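Written out below as structure tokens is the structure these notes cover.
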Amino acid sequence: GAVVSQHPSRVICKSGTSVKIECRSLDFQATTMFWYRQFPKQSLMLMATSNEGSKATYEQGVEKDKFLINHASLTLSTLTVTSAHPEDSSFYICSAAHSSGGANTQYFGPGTRLTVL
Amino acid sequence: GENVEQHPSTLSVQEGDSAVIKCTYSDSASNYFPWYKQELGKGPQLIIDIRSNVGEKKDQRIAVTLNKTAKHFSLHITETQPEDSAVYFCAATPYSSASKIIFGSGTRLSIRP
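Written out as structure tokens, the structure reads:
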């Protein structure tokens, strides 16, 4: 149980285009999902917390108009990178909070590799 | 806010030997400490976790210890195998409703055959 999927796993796009990444909790409902980005050989950096039915909470320094987050259902959150530029190239990972045994454990998706040309 | 420090950044051990990764945290309100394993090109996978009311937890070859007074916790892997090679992240979070996880900087573990 507690499986999280992401789609697509890899995307290459031209500079200036927008890219949407989906995050799904497959076998549980998640009122809260998280979006991270990870640069090579670095730790995960939290971008935003996505709450079902409400606006996302963004971390300091993350542009909410550039990284649009929608959490329309208890099993789906989407991250849209708008007007992508080469510096947005990164590994984007989502996680979903699952109340297993009383702890709100986060389970991670497999990640999406974004390359902006 | 919470700050998690992790050491060492890289670790190489002979197959069959034990590996130990150590982390410290700063916020005494943190009471849930998960450990994640990340293989190349994949998302982090939860391997073990511990809560602040427990001092030690073991799952087969993996164990985690917690010293709440000193604010440090450790991951122990015994009888290491080649498939244990990966990046390991410790983390800390308050035990509340879907709180943010604060990650350590990661340890790249290599198992020498």
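Keeping their order, the protein sequence lines are chains A and B. Residue numbers for the first sequence follow the working numbering, so the first one is 1 and each next one is one higher. Residue numbers for the second sequence follow the working numbering, so the first one is 1001 and each next one is one higher. Yeah, the Cβ is synthetic: ideal placement off N, Cα and C, and Gly gets one too. Fair warning: this is a prediction, and the values are worked out from it, not measured in the lab.
Residue from B:Glu1002, B:Lys1057 and B:Gly1041 whose Cα sits closest to the Cα of Ile1047 of chain B: B:Lys1057
Whole-angstrom distance between Lys1068 of chain B and Leu1109 of chain B, CA atom to CA atom: 25 Å
Chain B within 8 Å of Ser50 of chain A, Cβ atoms only: no
Of the residues A:Ser83, A:Met33 and A:Val19, the one placed nearest Ser25 of chain A, counting alpha carbons only: Of A:Ser83, A:Met33 and A:Val19, the smallest CA-CA separation from Ser25 of chain A is found for A:Met33.
Collapsed DSSP secondary structure at Glu63 of chain A in the structure displayed: Correct three-state label for Glu63 of chain A: coil.
Residues near Ala96 of chain A in its chain [Cβ-Cβ closer than 6 Å; skip 5 each side]: Val4, Ser25, Ala30, Met33 and Tyr107
Straight-line gap, Ala56 of chain A to Lys1042 of chain B (C-alpha atoms, nearest Å): Straight-line Cα distance between these residues: approximately 25 Å.
Rounded straight-line distance, which links the Cα of Ala1092 of chain B to that of Ser1085 of chain B: 23 Å
Neighbour list for Tyr107 of chain A in chain B, Cβ cutoff strictly below 8 Å: Leu1046
Integer-rounded CB distance, given that Glu1005 of chain B should sit under 8 Å from Gly1104 of chain B: 6 Å
Euclidean distance between Cα positions of His7 of chain A and Glu1083 of chain B: 26 Å
Status (buried if at least 16 other CB within 10 Å, exposed otherwise) for Thr75 of chain A: buried
Exposed unless 16 or more other CB atoms sit within 10 angstroms - verdict on His98 of chain A: Classification of His98 of chain A: buried, given that the 10 Å Cβ count is 16 or more.
One or two residues paired with Gln1045 of chain B in a DSSP bridge: For Gln1045 of chain B, which the question treats as bridged, DSSP gives the partners B:Lys1037.
Beta carbon proximity, Asp1017 of chain B to chain A, threshold 8 Å: Nearest CB-CB separation between Asp1017 of chain B and chain A: not below the 8 Å threshold.
Exposed unless 16 or more other CB atoms sit within 10 angstroms - verdict on Leu114 of chain A: buried
Thr1089 of chain B at chain A interface by Cβ criterion, 8 Å: According to the sequence displayed, residue 1089 of chain B carries Phe and not Thr. Taking Cβ atoms only, chain A reaches closer than 8 Å to Phe1089 of chain B, which makes this a yes.
Gly1106 of chain B at chain A interface by Cβ criterion, 8 Å: yes
Contacts that Lys1042 of chain B makes with chain A (C-beta to C-beta distance below 8 Å): Pro110 and Gly111
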